[in-house]
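Per the working numbering: the sequence shown = residues 10 to 290.
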Amino acid sequence: MNLLSGLEKFGIKSDGQLDITDDGIEKKDNGQMQSAVKKSIDDLEEKDLVLQKSVQCPICDHKFKVLQVKSAKVKRIGADSDTRPHYHNIDPLKYEVIVCPHCGYAAMNKYFVHVSATQMRWIKDAVTKNFTPLSDDVPEIYTADEAVDRYKLALVSAMAKHARLSEKSLICLRIAWIRRDQVKEMANANAVEVGKKKQITEEYEGFYRQAYDGYTKAYSTETGLNSTAIEFLLANMAIHFKEYNTAAKLISNLLGNPNTNPRVKDRCLDLKDIVVAAQKK
10 MNLLSGLEKF GIKSDGQLDI TDDGIEKKDN GQMQSAVKKS IDDLEEKDLV LQKSVQCPIC
70 DHKFKVLQVK SAKVKRIGAD SDTRPHYHNI DPLKYEVIVC PHCGYAAMNK YFVHVSATQM
130 RWIKDAVTKN FTPLSDDVPE IYTADEAVDR YKLALVSAMA KHARLSEKSL ICLRIAWIRR
190 DQVKEMANAN AVEVGKKKQI TEEYEGFYRQ AYDGYTKAYS TETGLNSTAI EFLLANMAIH
250 FKEYNTAAKL ISNLLGNPNT NPRVKDRCLD LKDIVVAAQK K
């Protein structure tokens with residue numbers, strides 16, 4: 010399956026083969042008020058929880074606006090086992106990517122302005138010259154499909170600029186999480202929706218695998234990563250892919266690490282039970 014499908018409308022073409030662990034570089038040796046009554050957080054709709062933010066593209070200097078979450082107003086309600094967070098009436102993950110509508114450069118918020126002169130040249134060559142400019146109009150909200158398209162554009166730019174593997178892995182993980190929620194929402198898909206659900210499920214599994222492989226390699230090759238968080242994430246992902254020996258090793262590392270948060274250790278014990286039960290089958 011072409012995991013980057015859907016980007017043709019932006020002028021971006023893909024050969025269908027995605028491997029974020031291949032960097033493409035030859036290796037060398039070395040609160041809105043309404044009617045004078047302020048809404049409570051529980052009553053706020055998604056459109057009430059976002060605002061427009063002005064941005065300037067570091068590649069082409071084009072100024073435009075994007076939607077940003079009003080972080081003070083969002084209410085966290087829980088998380089999945091692999092730490093995917095959930096919030097009341099909004100999914101902030103849909104708003105973590107900035108896309109320049111003029112040149113096509115895209116990146117997650119925290120990476121957007123951090124590009125070197127060489128990376129700018131790479132992006133212009135690999136992205137901008139093929140990109141079909143978009144309207145500067147900003148919607149009320151980003152839908153899940155729109156958010157996934159934005160992340161895919163960010164992944165294209167990340168690969169073009171030879172970003173760190175951890176950055177590419179994070180993008181893939183975000184796409185997988187959004188797609189997984191869509192799959193859950195389509196549990197009772199009708200005959201018309203079956204094809205769409207199949208595509209979304211394949212993208213979930215495909216990007217989750219890319220994230221797993223990417224983080225596994227980044228964990229052993231990059232510095233500055235939160236080892237506890239990465240190990241816990243990878244343990245959950247290993248269980249998903251039925252790689253129980255890998256999961257068991259990661260869980261053992263976390264349980265034996267004195268720096269592991271007690272709450273994380275409690276969750277690791279739950280994961281250990283899952284692994285032990287699976288290995289007995």
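Where a beta carbon is used, it is the ideal one built from N, C-alpha and C, also for glycine.
For residue i, the nearest candidate out of the options (CA to CA)
i, options, result
"Val64", "Gln77, Lys72 and Leu259", "Lys72"
"Leu27", "Ala156, Gly223 and Tyr96", "Gly223"
"His111", "Gln191, Cys69, Leu174 and Lys281", "Cys69"
"Asp91", "Ile107, Lys119, Arg189 and Lys170", "Arg189"
"Ile164", "Arg183, Leu234, Tyr213 and Tyr151", "Reading the sequence as shown, one finds Leu at residue 164 and not Ile. Cα-wise, what sits closest to Leu164 is Arg183."
Cα-Cα separation, residue i to residue j
i, j, result
"Gln43", "Asp57", "Residue confidence for Gln43 is low, a pLDDT of 45 falling below 50, so the modelled location carries little weight and cannot support an answer."
"Ala126", "Glu176", "19 Å"
"Glu105", "Thr255", "31 Å"
"Thr225", "Ala115", "25 Å"
"Leu162", "Asn118", "13 Å"
"Pro94", "Ala88", "4 Å"
"Asp100", "Gln191", "12 Å"
"Arg85", "Met246", "23 Å"
"Leu243", "Ala227", "11 Å"
"Tyr160", "Pro271", "33 Å"
"Gln61", "Asp145", "12 Å"
"Glu17", "Asp158", "11 Å"
"Met129", "Glu211", "32 Å"
"Ala135", "Leu234", "28 Å"
8 Å Cβ cutoff met for residue i and residue j
i, j, result
"Lys82", "Leu53", "yes"
"Ile21", "Phe140", "yes"
"Glu231", "Leu174", "yes"
"Phe216", "Leu76", "no"
"Lys79", "Val59", "yes"
"Val122", "Lys74", "no"
Per the contact definition of three or more C-beta pairs closer than 8 Å, is the stretch 238-253 in contact with the stretch 196-212?
Contact between the stretch 196-212 and the stretch 238-253 is absent: fewer than three C-beta pairs spanning the two stretches fall below 8 Å.
Counting only runs of 4+ residues fully inside the stretch 64-101, write out the alpha helix (DSSP H) ranges in chain order.
DSSP runs (the alpha helix (DSSP H)) wholly in the stretch 64-101: none.
Three or more beta-carbon pairs under 8 Å between the stretch 255-266 and the stretch 276-289, yes or no?
Contact between the stretch 255-266 and the stretch 276-289 is present, with at least three C-beta pairs closer than 8 Å.
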